[in-house]
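Residue numbers (my numbering): 363 to 525.
Quick reminder that beta carbons are idealized off the backbone N, C-alpha and C, glycines included.
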Amino acid sequence: MQPAPSSTPALRVLDVLILRDPRESAAKCSLTPLRGHPGIRFLSWKHDRRFDVGTRVLLHADGEEITPADAGRPLLLIDCAWRRVPTLLATCDGELALRRLPRLVTAYPRRSRTFQDPEQGLASVEALYAALALLGRPSPELLEGYRFGLEFLRLNPGLPQRG
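Below, the structure is given as structure tokens:
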């Protein structure tokens, strides 16, 4: 006996790879609560190691704006201080499509005294949530452990909050 055909297409399995700089404080990292979340893998960056990241969409400020055409493609996030992104990215081998998010407002209170964050800089968990929401996979559970999650959603009312 064959299973009855489903009227809804199966959701693709979440595939997010996060390359994380160990210099960043795990206690302050907005992604720490996502460790162990299905479909999200963390790699700890090391300067003397190469990382095969495969074919992925890389969230990057210099990319083209993310579109629904990117839906279903695996994501890569580089989690580090903005000034260190080129250093970490230089150790990645793979085929990366650079994509940026539309103008969004962070809820994370930034207080850097050594350098200025990009005007549109988001906390990593905000960027991940926004990317997935814009790709048709809003995942409110990603913001559950993020202290500023509700404020982020309030500041960005155009982001989908439910699938």
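*Quick check: the region 419-432 against the region 386-403, are there 3 or more CB pairs under 8 Å?*
Under the 8 Å Cβ criterion, the region 419-432 does not count as touching the region 386-403, having fewer than three qualifying pairs.
*Hey, quick one: how far does the alpha helix (DSSP H) through R516 stretch, first residue to last?*
Against the sequence shown, residue 516 aligns to sequence position 154. G511 to L517 is the span of the alpha helix (DSSP H), which, as asked, contains R516.
*Three-state secondary structure (DSSP) at S392?*
Taking the sequence shown and counting its residues from 1, one reaches residue 392 at position 30. In the structure shown, S392 sits in coil (DSSP, three-state: anything other than H, G, I, E or B).
*Does the region 410-423 touch the region 441-459, meaning 3 or more C-beta pairs lie closer than 8 Å?*
Short answer: they touch.
*asked:* Please report the distance separating the alpha-carbon of L437 from that of V378.
replied: On the sequence shown, residue 437 is found 75 positions in, with the first residue counted as 1. On the sequence shown, residue 378 is found 16 positions in, with the first residue counted as 1. So the two alpha carbons sit approximately 5 Å from each other.
*Are the region 512-523 and the region 462-470 in contact at 8 Å, needing three or more beta carbon pairs?*
yes
*With P500 and R524 assumed to form a contact (beta carbons below 8 Å), what rounded beta-carbon distance in angstroms separates them?*
Counted from its first residue, the sequence shown places residue 500 at position 138. Counted from its first residue, the sequence shown places residue 524 at position 162. Their Cβ separation, rounded to whole angstroms, is 6 Å, which keeps P500 and R524 in contact under 8 Å.
*P365 classed as buried or exposed, judged by whether at least 16 other C-beta atoms fall within 10 angstroms*: In the sequence shown, counting from the first residue as 1, residue 365 sits at position 3. Legend: pLDDT at P365 = 42, less than 50; position of this residue unreliable, no value from coordinates given.
*Could you tell me the distance, in whole angstroms, from the CA atom of W444 to the CA atom of P471?*
Taking the first residue of the sequence shown as 1, we reach residue 444 at position 82. Taking the first residue of the sequence shown as 1, we reach residue 471 at position 109. Going from the Cα of W444 to the Cα of P471 covers about 15 Å.
*Could you give the residue range of the beta strand (DSSP E) that holds S406?*
On the sequence shown, residue 406 is found 44 positions in, with the first residue counted as 1. Its beta strand (DSSP E) spans residues I402 to S406.
*Cβ shell of D424 (< 8 Å), same chain only, five flanking positions each side left out*: Here residue 424 is taken as the residue at index 62 of the sequence shown, counted from 1. Counting only Cβ-Cβ distances below 8 Å, and skipping sequence neighbours, we find L460 and R462.
*Report the residue from H399, L405 and P522 whose alpha carbon sits nearest the alpha carbon of D442.*
Counting from one through the sequence shown, the residue named residue 442 turns up at place 80. Checking the sequence shown, residue 442 turns out to be Cys, not Asp. If we check each option's Cα against that of C442, L405 comes out closest.
_Proximity winner among E457, I440, G498 and R403, relative to P522 (alpha-carbon distances)_ = Residue 522 sits at position 160 when you count from the first residue of the sequence shown. That would be G498, whose Cα lies nearest to the Cα of P522.
*Grab me the residues of E457's own chain with a C-beta within less than 6 Å of its C-beta, minus the 5 sequence neighbours each way, in chain order.*
Here residue 457 corresponds to residue number 95 of the sequence shown, with the count starting at 1. Closer than 6 Å at Cβ, skipping near neighbours: T417.
*Determine the extent of the beta strand (DSSP E) in which A423 is found, giving its start and end residues.*
Translated into the one-based positions of the sequence shown, residue 423 becomes position 61. First-last of the beta strand (DSSP E) with A423: F413 to E427.
*Compare the C-alpha of F413 against each of D383, H399 and F510 and name the closest.*
Looking up residue 413 in the sequence shown gives position 51. Considering only alpha carbons, the answer is D383.
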